[in-house]
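Worksheet: one structure, shown below.
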Amino acid sequence: MKRNLQVLLLVLSGLGVLRASLFTDLYLRYVKEGMRPLLIASGVLLILLGVAEAWSRQRALGGTGDGGAGGAGTGTEAGTGTDEHAHGDQGVDGDEHAHAGETHGAHDHSGMPRVAWLLFLPALSLLFYAPPALGAYTASREPPKAVTPQDDFDPLPAISPLPITLRDFTSRVQQDRGQAIKGRTVLMTGFVTPGKGGGWYLTRIMLSCCAADAQSVKVLVDDVPAPPADTWVTLTGTWHAGGTLGTSSAPVALDARTVRKVARPTNGYTDALPLGPS
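Each residue of the sequence shown is one higher than the one before, starting from 868 at the first, in our numbering.
Below, the structure written as structure tokens:
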């Protein structure tokens, strides 16, 4: 890959990162919100590196043009007196070295493997077609996030329906021996992930840092038809009885009463409370 194309790649990558992190919220599809300052700094740095590389190349071309004639003349004068002696001493070994030099010179070290051109694809995708956020495809291919051990639970507010996150619902179903969730109508928001054996899952995906370490939390819904995969919904319902509530034998499942489609949140990688009742 020639240097002018390397400059282009640096600048395109920088512009793509800045578009995703500075001018839009696209970066929230791939990393946590707190990574935004680092992404902006990275985009600016890439553009500055591209500009510096272009300026360095321009200086190098200018210097070559000024000193090319003098360098050629010096080489000719030096070669006049020593050329005959050099050939005379070279002999067989000299021929071998000359042949090796010709073979070595036949290789083009100015280029890069053709696969390097693929680096342009992610740079252009950030500018023209940003990959979608993680959703049902990812969630259906990994087990749900393990429940964090918890002994004490705060009292639930006396409102109905009760806004609750998927993680809090999961923890109370499987660990709250006070069974405060029993008989309560809850309100939750997430996206639809199709189930394998019937039913579907209300799902949230959370990031520790970026999309590479994504984990999901799921609540089974099996008594209402499933909306299309990746549809964001807010639903109300009650815990689907089974096993012993407050222990790991209790299923993390809902008997849904209402299901309403909603817009995807700006930051979909958080297990946030619903904004209001459905």
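Even glycine gets a Cβ: it sits at the ideal position worked out from N, Cα and C. Predicted, not measured: the structure shown is a model, and the values here were computed from it.
Coarse secondary structure for residue i, derived from DSSP in three states
i	result
residue 942	Interpretation of residue 942 is limited by its pLDDT of 45, a score under 50 that renders its predicted location unreliable; the figure taken from the coordinates is listed afterwards. In this structure, residue 942 counts as helix in the three-state DSSP scheme.
residue 878	helix
residue 1139	coil
residue 1043	coil
residue 1057	strand
residue 1031	coil
Cβ pair residue i, residue j closer than 8 Å
i	j	result
residue 1053	residue 1028	yes
residue 1086	residue 1138	no
residue 906	residue 1134	no
residue 1072	residue 1136	yes
residue 1061	residue 1000	no
residue 874	residue 908	no
residue 1046	residue 1114	no
Rounded C-alpha distance that separates residue i from residue j
i	j	result
residue 1090	residue 996	38 Å
residue 1104	residue 1141	14 Å
residue 1109	residue 1117	6 Å
residue 870	residue 924	8 Å
residue 1106	residue 1078	31 Å
residue 1044	residue 993	49 Å
residue 1017	residue 988	45 Å
residue 1048	residue 1033	13 Å
residue 901	residue 1111	40 Å
Which listed residue (the options) has its alpha carbon closest to that of residue i
i	options	result
residue 1036	870, 873, 1120 and 1082	1120
residue 1088	894, 1067, 1031 and 903	1067
residue 876	909, 900 and 991	991
residue 888	874, 928, 879 and 903	903
residue 872	1122, 1076, 984 and 1051	984
residue 897	916, 1007 and 1076	1076
residue 1008	1025, 1050 and 1063	1063
Cβ of residue i within 8 Å of any chain B Cβ
i	result
residue 1047	Chain labels in this structure do not include chain B; a single protein chain is all it has.
Sequence-distant residues of the same chain with beta carbon closer than 6 Å to residue i, five excluded per side
i	result
residue 899	1074
Neighbourhood of residue i by C-beta distance below 8 Å, restricted to the same chain and skipping five residues each side
i	result
residue 1038	1014, 1015, 1017 and 1020
residue 1100	1056, 1057, 1058, 1059, 1069, 1094, 1126, 1127, 1128 and 1129
residue 1005	1072, 1081 and 1083
Sequence-distant residues of its chain with Cβ nearer than 7 Å to residue i (five each side left out)
i	result
residue 1122	1090, 1104, 1105 and 1107
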